[in-house]
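> Dumping the structure here so I can ask a few things about it.
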Amino acid sequence: MDAQNTYIQHMPTRKREIRDASILLGYSLSSRSARETASENLLLNACSDRMKRQQVVDFPGMCFASTRCATIEPNKTWELSPFCGRSTCIAADDNSGRLFELVEDCGPLPKANPKCKLSDKTNKTASFPDCCPIFECEEGAKLEYPEIPTLPPPTEIFEIEKITETSTAKA
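Residues in the sequence shown are numbered consecutively from -8, following our numbering.
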């Protein structure tokens, strides 16, 4: 590609908030410079993944960093190496003792586009968000990302779970 006819597009970052039994995903489709302030926004949109969170009974009040096999104190951040991302352990605001894990990563890869190529400027071993893929696109070409289905807001999720649990208990 000719350098005069190319421009660089950065991958969007994605944030996931793990709350007890749910993972809520959010996407920041911002530029790299805006990503630096993205940690101030815990959740942008709710999305489709949910999973049970493993509890480490021997270490109450601590998050478990599976990529490090270590416990992490609230308000501490760790890299998700060998993956491109980082997590932050966050205590719930309601003094319930619940912990959240804010997971930030590069988000989904864009759809294939022959006019956009992965840049040599991509540094997979850098710290997040500098490890996210960088694409060079021909002038006028744009990266398109797959559509991600979303979940209802968390309060609706928990109400649905309570209704399901109540219905199951009565049966």
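All C-beta atoms, glycine included, are put in the ideal place defined by N, C-alpha and C.
Only a predicted model underlies this, so the values are computations on that prediction, with no experimental measurement involved.
(1) According to DSSP, simplified to helix, strand and coil, what is A56?
(2) According to DSSP, A82 sits in a beta bridge with which residue or residues?
(3) I need the DSSP call for I139, collapsed to helix, strand or coil.
(4) Given this structure, state the Cα-to-Cα distance separating D49 from F55, to the nearest angstrom.
(5) Could you spell out where the beta strand (DSSP E) holding T116 opens and where it closes?
(6) Suppose contacts are defined by Cβ-Cβ distances below 9 angstroms. Is C75 in contact with C122 by that definition?
(7) In three-state DSSP terms, what is G98?
(8) Going by other Cβ atoms of all chains shown within 10 Å of its Cβ, with 16 needed for buried, is P140 buried or exposed?
(9) Can you check DSSP and say which residues form a bridge with E70?
(10) Nearest to E130 by alpha carbon, out of P105, P137 and E64?
(11) How big is the Cα-Cα spacing for I63 and M53?
With the structure as the only source:
(1) strand
(2) L90
(3) coil
(4) 11 angstroms
(5) Neither: T116 is in no beta strand (DSSP E) and is coded neither H nor E.
(6) yes
(7) coil
(8) exposed
(9) R77
(10) P105
(11) 6 angstroms
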